[in-house]
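For the record, the sequence lines run as chains A and B.
For the first sequence, position 187 (counting from the first letter as 1) is numbered 187 according to the numbering used here, and the numbering increases by one without interruption.
For the second sequence, position 58 (counting from the first letter as 1) is numbered 1058 according to the numbering used here, and the numbering increases by one without interruption.
Positions of the beta carbon are idealized from the N, C-alpha and C atoms, including for glycine.
Heads up, the thing below is written out as structure tokens.
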Amino acid sequence: MGLAKRIIPCLDVDRGRVVKGVKFVEIRDAGDPVEIARRYDKQGADEITFLDITASSDDRETMVHVVEQVASEVFIPLTVGGGIRTLDDVRRMLNAGADKVSINTAAIARPEFVREAAERFGNQCIVVAIDAKAVHQPGESPRWEIFTHGGRRPTGIDAVEWARRMNAYGAGEILLTSMDRDGTKRGFDLELTRAISEATTIPIIASGGVGTLDHLADGILLGKADAVLAASIFHFAEYTIEQAKRHMQARGIEVRL
Amino acid sequence: MTSIAIIDYGMGNLRSVAKALEHVAPQARVIVTQNRQDILQADRVVFPGQGSIRDCMRELAHWNLVDVVRDAALGKPFLGLCLGPQALLDFSEENDGVAGLGVLPGRVVRFADPRDPVTGERLKVPHMGWNQVRQAGNHPLWRGIPQDSRFYFVHSYYPRPADETLVAGWTCYGFEFASVIARDNIFAVQFHPEKSAQAGLRLLANFANWNP
């Protein structure tokens, strides 16, 4: 008896439509965030994360409506990331029905923003997203740096130090993505995940690289993550969330079934 | 037709709570309000809370709602959510110590370095995610909800009521704490039923039909 490790499917949303093609059987509209969220809720998703990849800020308002619609029908926690830069952005998403917002570039531009947001809205709703890449040479002790712009632009910031700092600034959770692994289906960067988890006191969501159900379990057991986030293995119906949970349970992980 | 007032005193977004209640009790009139009359006249009251206890108590006073909340807690079906049960107790150690409403006897304390009782591993704070609730007794609000069902939690402080007879549910996070406290017409849960899928919706439905 105890706290379950969470599985969080992540949906990329562009101008109100889910992109990167979700391929459920019998889905009427593969781009409809409400229908997809409902599916994931039925499968037993513990939370859902929406990443707003809309390029133009004029179209950002669309995301607010997406969150409103989903939150009216799906009664599990919702996180929204992408384009959260001001306290007003945070407020609008929370008022629309999001439970948490994920802050990435805006935290790097001005770390105090995280402190202000946590003080205003509570730590529980502030997730700091960290995109990290290994920068050590073979044989050196491991070191990771924060990258922005989809992993193209280095910031010179040490990932472990940054995580510790965001923890101290009042982040309630860290969404950690390995840019080395993202999209590779080779599994999480377990060393990175574990280093961040052990350096902080808040929950860590591991992300980037999931290709098999064992990768999910490894993220928890070896990476010491509190939750695992994945996109393609669920979207393409390779596995359902329930299958993933059964697999994790078989490896001794506590899950919500 | 029953009316349910969700007390809005500026502490967090209540849209999800309202939507979930409307979903399970379409016949009920659900209002999100800071109006004293609305709250006094409602058949049922939901007392939510989010953020820090100091802000919570300050906003209650600012909106002149302290006596109204106390009255409701003593007189009609009353559901406390998240910070709600903490505010009902005498005192919280958050923010260097804050007096609560004192409707129920007890204190609120922080998860101080919780450890897994089996492995000894350090547990993360906030306590965030889906954890089980062991129901204590046959409260009507547990009707149709299996023993040890999981609910969604997110908090760093937990209620420690003075008297175990006030505990309607226990949850383990390093040790057992009172995740649900109840007395007479009051039922107050540390978790978020509006974000707890089927089990949470059932609890809200039970509340909409509860006649203590």
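Residues of chain A with CB under 8 Å from B/Trp1130, in chain order? Per Cβ cutoff of 8 Å: Leu3, Ala4, Arg6, Asp46 and Arg256.
Please state the DSSP three-state secondary structure of B/Phe1191. Residue state, collapsed to three classes: coil.
Apart from the five residues on each side of it in sequence, which residues of its chain come closer than 7 Å, Cβ to Cβ, to A/Val114? So the list reads Ile103, Ala107, Ile126, Val128, Met166, Tyr169, Gly170 and Ala171, once near-sequence residues are dropped.
Let's test the definition: count the other Cβ atoms within 10 Å of the Cβ of B/Glu1084 and tell me whether it reaches 16, buried, or not, exposed. Here residue 1084 of chain B is Gly; the residue named in the question, Glu, does not match the sequence. In this structure B/Gly1084 is buried. Its beta-carbon is surrounded by 16 or more other beta-carbon atoms within 10 angstroms.
Going by DSSP, what residue range makes up the beta strand (DSSP E) through B/Val1032? Looking at the DSSP string, the run of the beta strand (DSSP E) that includes B/Val1032 is Arg1029 to Thr1033.
Chain-ordered neighbours of A/Asn167 on chain B, where CB pairs are closer than 7 Å: Taking a Cβ-Cβ threshold of 7 Å, none of the residues of chain B is close to A/Asn167; the smallest such distance is about 10 Å.
B/Ala1061 CB to nearest heavy atom of the ligand COA below 7 Å: The ligand content of the structure shown is nil, which means the ligand COA is not present either.
Test: A/Phe113 CB closer than 8 Å to a CB of chain B: No - not a single Cβ of chain B is within 8 Å of the one on A/Phe113.
Would you report the Cα separation of A/Val228 and A/Ile7, rounded to the nearest angstrom? Cα-Cα distance, rounded: 5 Å.
Just mark A/Thr200 as buried or exposed, buried being the case when its beta carbon has 16 or more other beta carbons within 10 Å. Classification of A/Thr200: buried, given that the 10 Å Cβ count is 16 or more.
Since A/Asp12 and A/Ile53 are thought to touch, with beta carbons under 8 Å apart, how far apart are those beta carbons, to the nearest angstrom? Confirmed, about 5 Å.
Same chain only: Cβ atoms within 7 Å of B/Gln1050, ignoring 5 sequence neighbours per side: Cβ within range, chain order: Met1011, Gly1012, Cys1082 and Leu1083.
Beta-carbon spacing of B/Leu1141, B/Leu1203 below 8 Å: It is a contact, given that the beta carbons lie within the stated cut-off.
Give the single residue among A/Ser56, A/Phe236 and A/Gly252 whose Cα lies nearest to the Cα of A/Pro9. Checked all of A/Ser56, A/Phe236 and A/Gly252; the closest Cα to A/Pro9 is A/Phe236.
Cα-Cα, which of A/Glu242, A/Arg91 and A/Ala134 is closest to A/Asp119? At residue 119 of chain A the sequence reads Glu, which differs from the Asp that was named. Here the closest residue by C-alpha is A/Arg91.
Are any of the Cβ atoms in chain B nearer than 8 Å to that of A/Asn95? Answer yes: the Cβ-Cβ gap between A/Asn95 and chain B drops below 8 Å somewhere.
Own chain residues within Cβ distance below 8 Å of B/Pro1105, not counting five before or after: If we look at B/Pro1105 and ignore the five residues flanking it on each side, its Cβ neighbours are Leu1089, Asp1090, Pro1161, Ala1162, Asp1163 and Leu1166.
Could you tell me the alpha carbon to alpha carbon distance between B/Pro1077 and B/Val1030, rounded to whole angstroms? When rounded, the distance between both Cα atoms is 14 Å.
Around the Cβ of B/Asp1148, are there at least 16 other Cβ atoms within 10 angstroms (buried) or fewer (exposed)? Exposed, since its Cβ has fewer than 16 Cβ neighbours within 10 Å.
Under a Cβ-count criterion, where at least 16 other Cβ atoms within 10 Å of its own Cβ denotes burial, should B/Val1118 be classed as buried or exposed? Burial call: exposed.
Limits of the unbroken alpha helix (DSSP H) element including A/Gln124: Premise fails: A/Gln124 is in no alpha helix (DSSP H) and is neither H nor E.
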